[in-house]
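> Numbering-wise (our numbering), the sequence shown opens with residue 1 and increments by one.
My questions all concern the structure below.
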Amino acid sequence: MTIPMWMLLGFATWTLLLLMATVGVYRWVRILFSNVPIASFRSDQPDGEDWYRRGTRAHANCVENLPVFGTIVFVISALGINTPAVDYLSMLVLIARVCQSLVHVSHVQTNRFVAVRFTFFCIQLVCFLALIVIAASYGV
1 MTIPMWMLLG FATWTLLLLM ATVGVYRWVR ILFSNVPIAS FRSDQPDGED
51 WYRRGTRAHA NCVENLPVFG TIVFVISALG INTPAVDYLS MLVLIARVCQ
101 SLVHVSHVQT NRFVAVRFTF FCIQLVCFLA LIVIAASYGV
């Protein structure tokens, strides 16, 4: 397995861990031990403590970006591109994603923390675009 594939697997694993550690714990404890109806957690209504809402958004951010990264890794793998730049950019995507999620979940979102979180998001975008350029220019 290539490094980009490992990073994609890491991204998927992080998405699941984030779900289980934030959204899952909050909901499962209430459903299993507090007799809260399972249908009481509606996605169209803000509910729960602040950290729970941040965890929900952080998980949604991962879910939204996972197919993008997956598509890029698929194309890179299908083309047989295996370079240090691709490896480095793929690692940077996962590192920035984990950091973005941790900042999102673990801190009240002041302007400073949102700026830090946004910086990690921008790092991912730049890496995505660089990987796309590498894939698109391969063999040209």
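Idealized CB from N, CA, C, for every residue including glycine.
Within 10 Å of its beta-carbon, does Tyr88 have 16 or more other beta-carbons around it, so buried, or fewer, so exposed?
It counts as exposed.
> State yes or no: is the C-beta of Ala135 within less than 8 Å of the C-beta of Ile81?
Contact: yes.
> Please state whether the Cβ-Cβ distance between Arg53 and Phe41 is less than 8 Å.
Not closer than 8 Å, so no.
> State the DSSP-derived secondary structure class of Val105, mapped to helix, strand or coil.
Reduced to three states, the DSSP call for Val105 is helix.
> Name the two residues that bound the continuous alpha helix (DSSP H) containing Gly55.
Start and end: Asp50 to Leu79.
> Okay, do the region 90 to 104 and the region 1 to 9 touch, 3+ Cβ pairs below 8 Å being the bar?
The answer is yes - the region 1 to 9 touches the region 90 to 104, with three or more Cβ pairs under 8 Å.
> Please check the pair Leu66 and Ala12, which I expect to be a contact at CB under 8 Å, by giving their CB distance rounded to whole angstroms.
With a Cβ gap of about 6 Å, Leu66 and Ala12 count as contacting.
> For Asn82, does the three-state DSSP call read helix, strand or coil?
In this structure, Asn82 counts as coil in the three-state DSSP scheme.
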